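These notes are about the structure you will find just below.
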Amino acid sequence: MSHTADVRYPYRPITDRPDYDWPEGKRLAIYLGVNHEVFDFGGGLGAELAPSQTDPDVMNYAWRDYGNRVGAWRLFDLFDRLDLRTTALLNADILDCCPGLAEACRDRGDEIAAHGRSNAVAQGKMSRSDERSMIADVTQRLASLGVRPTGWLGPWISESNDTPDLLAEAGYRYVLDWAHDDQPTRLATAEGSLLSIPYSQEINDLPAVIQRHQEAEGFAGMIRAAVTQLLSESDRRPSVLGIALHPYIMGQAHRVPALAGILQELREVNDPRIWWTTAGAIAEHVETHDLAV
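The sequence shown runs 1 to 293 under full-length UniProt numbering.
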């Protein structure tokens, strides 16, 4: 039986991989992937807090916009207090729609990673030429912040059959779309290999809170359980845990305390096996030492 993903990566169980360490002998790499997103008013894609009865959908548009106006800044306060850098997954349209937000990510030392133009459009439906132009435009606009992005997360985790080829062609080092492993792996492309850095669709506030109707305390419990399990396996293999956050969800006032509690708990334990890092630093370590299968 043929599977299209076989073209990008072969099957290899995690029990059949070379062992290696993260920097300074650490075994679990944890990063926060914070999605800074914009949406179209009166059209386009967008998560829903509840079904709207009419268009334009003022309720859901305003709920999502809260993340950029309030939620992101509340999370910055938390991350500053805990001395945590993040991987800022930026829609390029943030630069125009939310002046100062992308710059605040840069200025606090977050890694700047590309997250398409906006979350109103899924790139998997684009023609090859349109997708190539979009990637080039996003890259150039985010590079205006001072550092060219090396990582990509597609809005809505949407890819065309050409996406990995086009990202490699555009000079990207890694992509976060493929949540198929606990370790970085290599994707084959027409332009050479592209790293897939683990990004979680499980430890992710959007599906957890919106689709599964969990609250922040349950989400915090998921983070705690995942870290406990991965650390219990760390004597056998290194792993990556990406914690995916959206300021319009986890940046709500009633949710931040639970997130703050679990992050502070993990920081205070100061487990020597944990490497608090960014997706880009993981990719750089893997690429420098040729570690990905």
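Each residue gets a CB set at the ideal place from its N, CA and C atoms; glycine is no exception. Note that the structure is a prediction, hence the values are computed from the model and not measured.
- Among the bridge pairs identified by DSSP, His36 is matched with Leu90.
- Taking C-beta atoms as the reference points, Trp275 and Leu28 count as a pair closer than 8 Å.
- Under the DSSP assignment, Thr228 falls outside any beta strand (DSSP E), being part of the alpha helix (DSSP H) whose first and last residues are Ala216 to Ser232.
- Counting C-beta pairs closer than 8 Å gives three or more between the stretch 64-84 and the stretch 246-253, which meets the contact rule.
- Within the same chain, and ignoring the five residues on either side of Tyr31 in sequence, the residues whose Cβ sits closer than 6 Å to its Cβ are Thr87, Gly242, Thr277, Thr278 and Ala279.
- Runs of the alpha helix (DSSP H) lying entirely within the stretch 45-113 and spanning at least 4 residues, in chain order: 58-66, 72-81, 94-97 and 101-107.
- The three-state reading of DSSP puts Ser200 in coil, since its state is none of H, G, I, E or B.
- With 16 or more other CB atoms across the displayed protein chains lying within 10 angstroms of its CB, Gly151 is buried.
- Under the three-state reduction of DSSP output, Val175 falls in the strand class.
- Between the stretch 125-143 and the stretch 174-188 there are fewer than three inter-stretch CB-CB distances shorter than 8 Å, so the stretches are not counted as touching.
- A residue is called buried when at least 16 other Cβ atoms come within 10 angstroms of its Cβ; Asp290 does not meet this threshold and is exposed.
- When the five nearest sequence neighbours on each side are left out, the beta carbons in the same chain lying within less than 7 Å of the beta carbon of Ala104 are those of Phe76, in order along the chain.
- With a threshold of 16 other beta carbon atoms within 10 Å, Pro51 falls short and is exposed.
- When the alpha-carbon of Arg8 is set against those of Tyr20, Ile112 and Ser160, the nearest one is in Ser160.
- Linking Ser193 to Ser129 through their CA atoms gives a straight-line distance of about 21 Å.
- Inter-residue distance for Ala179 and Gln201 is about 7 Å (C-alpha atoms, whole angstroms).
- The secondary-structure analysis by DSSP pairs Arg186 across a beta bridge with Leu195.
- Shortest Cα-Cα distance from Val240 to any of Asp162, Glu48 and Ile197 involves Ile197.
- In the structure shown, Ser118 adopts coil according to DSSP, grouped into three states.
- Excluding residues up to 5 positions away in sequence, Arg85, Thr86 and Ala88 lie with their Cβ nearer than 6 Å to the Cβ of Asp110 in the same chain.
- Beyond the five residues adjoining it in sequence on each side, Thr189 comes within less than 7 Å, by CB distance, of Pro164, Asp165 and Ala168 in the same chain, given in chain order.
- Contact between Ala136 and Ala102 is absent: CB atoms are separated by about 18 Å, not below the 8 Å threshold.
- Residues Trp275 and His285 of the same chain have their beta carbon placed closer than 7 Å to that of Pro23, with the five preceding and five following residues left out of the count.
- Ranked by Cα distance from Trp63, the first of Ala113, Val38, Asp83 and Asp80 is Val38.
- Within the same chain, and ignoring the five residues on either side of Phe79 in sequence, the residues whose Cβ sits closer than 7 Å to its Cβ are Thr86.
- Assigned with DSSP and collapsed to three states, Val293 falls in coil, not helix or strand.
- Nearest to Val256 by C-alpha distance, out of Ala92, Glu217 and Met59, is Glu217.
- Between Asn35 and His246, the C-beta spacing is below 8 Å.
- Bounds of any beta strand (DSSP E) do not take in Ser127, whose DSSP letter is neither H nor E.
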